[in-house]
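These notes concern the structure reproduced below.
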Amino acid sequence: MRPIPKTPSSTKTPRSAKTPRRPTGNKDPVEVYCRIRPLGNNEEESCVHIISDTVLKLTAPKNSAGYKSGHRIETQHTFKKIYDEKTSQKVLYDNVAMPLVDDLIHGKNGLIFAYGITGSGKTHTMTGMPSDSGLLPRCLDVIFNSIGELQAPKYVFKPDKSNGIEIQTELEAKLEKEKRVKEAALQAAQGGRNRNADNDFADLIRVAETGVISGVDEDNSYAVFVSYFEIYNNYIYDLLDETPVDPICPKPPVSKNLREDMNRNMYVSGVTEIEVKSTEEAYSIFWKGQKKRRVANTVLNRESSRSHSVFAIKLVQAPLDPDGEEVLQDKNQIAVATLSLCDLAGSERTNRTRAGGDRLREAGNINASLMTLRTCMEVLRENQANAENGVSPKIVPYRDTKLTHLFKNFFDGEGKVRMVVCLNPNADDYDESVHVMKFAEVTQDVVIARPESVRFDTGLTPGRRRANQMYKEVLAKVEESNGDGETVIVAKPVHTMGPPFPLFELNSPEDSTTLVNLMHYLQDRQRRRQTLIDDLSRKEGVFRAHLLALEKENSQANGNEMLQKTAEMYEQDKKELRYELDDQKKRADKEKTDKLKMRQALKGVVSQEKGKWERECSKRVKDKEMEMQAKMWQKEEKLRQLKEIVQNMKTNDSGPVTRAQLKAASMPRSKSPPPVSRKPPIKSRHRRSKSSDCWIEHKPLTHLETGTVMKPSIKNKKTVARPGEKDFKDTNATNYVLAHQEEDSAGEIETKLIKGDVYKTVGGGHCIQFTEVETLKTRSDELTSPGRKRHASDSIDDESHSSWTDVETRCSTAIEGRPRTGPSYCHTAAKKKKP
1 MRPIPKTPSS TKTPRSAKTP RRPTGNKDPV EVYCRIRPLG NNEEESCVHI ISDTVLKLTA
61 PKNSAGYKSG HRIETQHTFK KIYDEKTSQK VLYDNVAMPL VDDLIHGKNG LIFAYGITGS
121 GKTHTMTGMP SDSGLLPRCL DVIFNSIGEL QAPKYVFKPD KSNGIEIQTE LEAKLEKEKR
181 VKEAALQAAQ GGRNRNADND FADLIRVAET GVISGVDEDN SYAVFVSYFE IYNNYIYDLL
241 DETPVDPICP KPPVSKNLRE DMNRNMYVSG VTEIEVKSTE EAYSIFWKGQ KKRRVANTVL
301 NRESSRSHSV FAIKLVQAPL DPDGEEVLQD KNQIAVATLS LCDLAGSERT NRTRAGGDRL
361 REAGNINASL MTLRTCMEVL RENQANAENG VSPKIVPYRD TKLTHLFKNF FDGEGKVRMV
421 VCLNPNADDY DESVHVMKFA EVTQDVVIAR PESVRFDTGL TPGRRRANQM YKEVLAKVEE
481 SNGDGETVIV AKPVHTMGPP FPLFELNSPE DSTTLVNLMH YLQDRQRRRQ TLIDDLSRKE
541 GVFRAHLLAL EKENSQANGN EMLQKTAEMY EQDKKELRYE LDDQKKRADK EKTDKLKMRQ
601 ALKGVVSQEK GKWERECSKR VKDKEMEMQA KMWQKEEKLR QLKEIVQNMK TNDSGPVTRA
661 QLKAASMPRS KSPPPVSRKP PIKSRHRRSK SSDCWIEHKP LTHLETGTVM KPSIKNKKTV
721 ARPGEKDFKD TNATNYVLAH QEEDSAGEIE TKLIKGDVYK TVGGGHCIQF TEVETLKTRS
781 DELTSPGRKR HASDSIDDES HSSWTDVETR CSTAIEGRPR TGPSYCHTAA KKKKP
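Each step along the sequence shown adds one to the number in UniProt numbering, with nothing skipped, and position 670 is 670.
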C-alpha cells in the first residue's frame, strides 16, 4: 500500500504499509486495448476490419446466429488503442504495461487483465516466447533494471502473513538466511529432491527487456516479492505451495480464503510470497507454478486454460538510516505497491466446444465469473450515471465470485486498471467476439478515482547512500596508501538540515508568499531534526544495550562458558534425538506400510487356500459318497441274489439242497457295471483280426497270482504298474485290462479283471470304454483239507461233497450275464437220481 503523509504540523511523515491510499478527486476511465490475433491459415475467413487506430468493424458471416436473426450485420467498436496482427510484444508493452511499472516504482498499484475467448492469444500476450517475451517477463526486466543496485539484503523485509511487512536488521536477516539454507539442505537430503530442480528455467535463453524507469529514489532500499495463484471453480489454489504429498494417502490441494485486513484491503490468506532478486529467479518461479495450472484439451484449443491465474509482483521500499548504510528501522516508513497480471480463462459456448463432465462444469464456472465481472462493470457505470442525478448508488455484487471480490479495491480507487482484449478474427468466432466487444464497451465507460502520489520525504539528508559509498571508498584508499601503520581518521559526512534559509525579506504588508515559504521550510527542517534525534536515540539505546551485555559477559565469563558448552551439548543432543525420532517415524511408517501389504497378501493367500481346501473337501466327500453308494449297491445286489436263491429253492422240489449247492449258489456272480450316462465313442465298422489286438495290462506291483482255473490267457500284451500316454502310443494298444484284488466276505482273495476298448481322442490322447468285468475266485474247502478231524455232523455232507466233484454236477450250473444289461442270473439244472 501507499502511505499518506501527515499534516504539515506533524514532526514525522509516517508511511505505513497498512495505511490505505486515499483517492483524489480526479477520475480516470478504465483503459481497454484491443489486440488482434493473426489467422491460423489462408482458408479462414476474417470478420474484423480495422478502420482507425481506435475503431474496428465486425462483419457477421452468413452462418452466424446474428446474421440469421436479422440483427445488424456490421458493428463498430471503439478502444483506447487497437493493435493489429503485426504488432510486436515490445510495442504492446511500451504502451500498456510500462506506465504501470513506472507507477509501481513510485508506490502505486496496478492491474492488467487479459480478456477474450478461448484461443484468442491471452496467454501468449502475458507470457510470450523466449525470443519475444510477453508483458510479464518484460515487467520483471524493467523492475530489476531500475532497482538492481538498490535492493536490500535478502530477508531484511519479511511478510507478516497479514498483508503487512516487517523490518529486520542486516544481522538478523543474515542469521535467518543461514537458517533457511540449512533447512532447505536438510529437506533436500531427507526427501532426495534436487535443490537445483527449481532453477530449470534460470538458464533459459531469452531476449531481455532493456528499459529503465527514471526517477528512482536512491536513498531507499527495495525488495520484490512474487506470488502466483489460480481461481479454479471459484476456489483459490496456491500454485507455489510446496507442501509434501503423502504417497500412501494423497490429499487434494487446500483452497485459500480471501480476507480483509485492518484497512479493508482484500488479500489471499496464506498464499506463498517468495522474495526474488533477479528476473531469472522470478521467471523460474513463474514456470514452476505454471506447470501446476489447470489446463485441458478442448475443441477450440489444445491447452485451454481452465482457471483464472494471477501473478502478483509486490514491490517494498523503505528509506535508509541517516548514515545511508542500513534500512531505517521504522515500520511506519514502509511503502508497498502491487502490480497484478491476471490471465482470465477464455469465455466459450459449451454447445460449440461439446464439453462434458468436468470440462462442462469448468466452463460453467468460468462463464459465471466473467458474467459477474461484467455485471459489476454495469453496476459501476450505472452508479456513476445516477450520482450525477442524485440517485443513491446500488450495491456492486463483488462478493458473488472470488475474482471480483479480490480486485474490488482496484475499482474503488486503489490503483490503475487496464484491460487487453484479445480478439480472434476468424469468422467462426463471430458470435463470441460480439459478446467480448460489448463487455469491452461497458468496461471502458467505468471511471475509477485516481490515487494520490506517494511522497518519500522522510526529513533525512538526501544523497546519503552515495555519500556513504564515497566515504567507504575514501577510507579504503587511505588504508591502502598508509603503509607505515599510522592511524588515520576519516570523518563521516556531516548531516545537513536541508537547503539554506530562503529569502524572507518582506516587500509589502500584503506579501503572504514569503511567510508561507518560510513556514514550510521551518516545518521541513523541524521534521529532519526530529528524524535525526530519533535515530540518535535509537543508536544510543543500541550502544547502551551492547555495553550492558559486555559488562555482563565480563562478570560471568566462566559461568557463561560452561552454560554455553552445556547449551551446545544439549543442542547437539537435541538435533541427534530429532534425527533419531525422524528415522524412527520413517521406519514406523515403513513398517506400517509393510504390515498393510502383508495383511493384504495374507488375505489373498487365506482366501486362495480356503477355496482350495473347500474344493478338496467337496471332492473327497463326493468320492466317499460314490464309494458308499457302490458298497450299498453291492450289498443290495447280494441280498437280491440271496432272495432269488431262496425263492428258487422253494420252487424247486427236485430234492433236498446240499451244502455244496448252497455254497455254489451263495458265490457272488459276475455283475456288469452300472450303465454309463455318457455316449461311448463310435467304433470303426471294419472288422479287425483278434491276433492283431494289443493289450495294456494294468497290474499293480502288489498283485498276487492265485492260479485260478479258467483264467483268461491274453497274448500280445504289455504289463505296466502305472500306464502312461507313452505306453499307449508305443504299443498302439487297442484293449485295456485292469487287475484288481480284494477280500470278499468269506476272507478269500477275489480277482476282478475290468476290460475295455481303447480309442484315440480328437485332442491326440486316448480314452477307454469299459465293456465287461470278469471275476476270478479261489475256494479252499474246509471239509477236504488235510489234517482236519471229522465230526459226527460232517457225515451229513459227505454225499453232497462227493456229488460236487462229479462232472455232471459241476456242469449243471450256468451263469447268464450281459454287459450294461443289469445283474447276472444263475441257472441250476435238476440233479438226476442214481439208478
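Where a beta carbon is used, it is the ideal one built from N, C-alpha and C, also for glycine. Values in this document were obtained by computation on a predicted structure and should not be read as measured data.
What do you get for residue i, buried or exposed, if any count of 16 or more other CB atoms within 10 angstroms of its CB means buried?
i	result
residue 764	exposed
residue 107	buried
residue 402	buried
residue 197	Confidence at residue 197 is low in this model, with a pLDDT of 47, below 50, so the placement of that residue should be treated as unreliable; the coordinate-derived value is given next. The residue in question, residue 197, is exposed, as its Cβ has fewer than 16 Cβ neighbours within 10 Å.
residue 617	exposed
residue 444	buried
residue 517	exposed
residue 133	buried
residue 308	buried
residue 372	buried
residue 159	buried
residue 293	buried
residue 787	Residue confidence is low: residue 787 scores 45 on pLDDT, short of 50, so the model does not pin down where it sits. Its coordinate-derived value is still stated next. Residue 787 is exposed by the Cβ-count criterion.
residue 386	exposed
residue 607	exposed
residue 634	exposed
residue 343	buried
Considering only DSSP beta bridges, list what residue i is partnered with.
i	result
residue 110	339, 416
residue 151	222
residue 311	228, 341
residue 767	759
residue 100	Beta-bridge pairing links residue 100 to no other residue.
residue 144	Its beta-bridge partners do not exist; DSSP assigns none.
residue 286	According to DSSP, residue 286 bridges with nothing at all.
residue 422	35, 116
residue 633	None, per the DSSP bridge assignment.
residue 777	750
residue 77	56
Would a check of beta-carbon distances place residue i closer than 8 Å to chain C?
i	result
residue 572	Chain labels in this structure do not include chain C; a single protein chain is all it has.
Less than 8 Å between C-beta atoms, sequence neighbours within five positions excluded: which residues of the same chain meet that for residue i?
i	result
residue 768	736, 756, 757, 758, 759
residue 714	695, 697, 737
residue 151	221, 222, 223, 224, 277
residue 381	442, 445, 446
residue 728	696, 758, 766
residue 566	none
Near residue i, which residues of its chain fall below 7 Å by C-beta distance, leaving aside the five closest residues on each side in sequence?
i	result
residue 257	269
residue 383	393, 394
residue 177	154, 155
residue 259	267, 269
residue 408	266, 398
residue 367	347
Can you round the beta-carbon distance between residue i and residue j to whole angstroms, since I take them to be within the 8 Å contact cut?
i	j	result
residue 751	residue 706	6 Å
residue 340	residue 310	6 Å
residue 131	residue 207	6 Å
residue 121	residue 37	4 Å
residue 142	residue 213	6 Å
residue 442	residue 377	5 Å
residue 313	residue 139	7 Å
residue 48	residue 425	4 Å
residue 774	residue 712	7 Å
residue 450	residue 28	5 Å
residue 365	residue 234	6 Å
residue 329	residue 465	Their Cβ separation, rounded to whole angstroms, is 16 Å, which puts residue 329 and residue 465 out of contact at 8 Å.
Keeping to the same chain, check which residues put their C-beta closer than 6 Å to that of residue i; ignore five residues upstream and five downstream.
i	result
residue 64	430, 431
residue 93	135, 138
residue 784	For residue 784, the predicted model reports a pLDDT of 41, less than 50, meaning its position is unreliable and no value from the coordinates is stated.
residue 187	none
For this session: Evaluate contact between the stretch 92-106 and the stretch 39-59, counting only Cβ atoms and requiring at least three cross-stretch pairs below 8 Å.
Result: Touching, no, given that fewer than three Cβ pairs across the two stretches are closer than 8 Å.
Problem set entry | Cβ pair count under 8 Å reaching 3, the stretch 238-252 against the stretch 412-421 | At 8 Å Cβ cutoff, the stretches do not touch.
Exercise. Just checking, does the stretch 26-37 make contact with the stretch 75-84 on the three C-beta pairs under 8 Å criterion?
Worked result: With the rule of 3 Cβ pairs closer than 8 Å, the stretch 26-37 counts as touching the stretch 75-84.
For this session: Indicate whether the contact test is met: 3 or more Cβ pairs, each with one atom in the stretch 318-329 and one in the stretch 464-471, closer than 8 Å.
Result: The stretch 318-329 vs the stretch 464-471: in contact.
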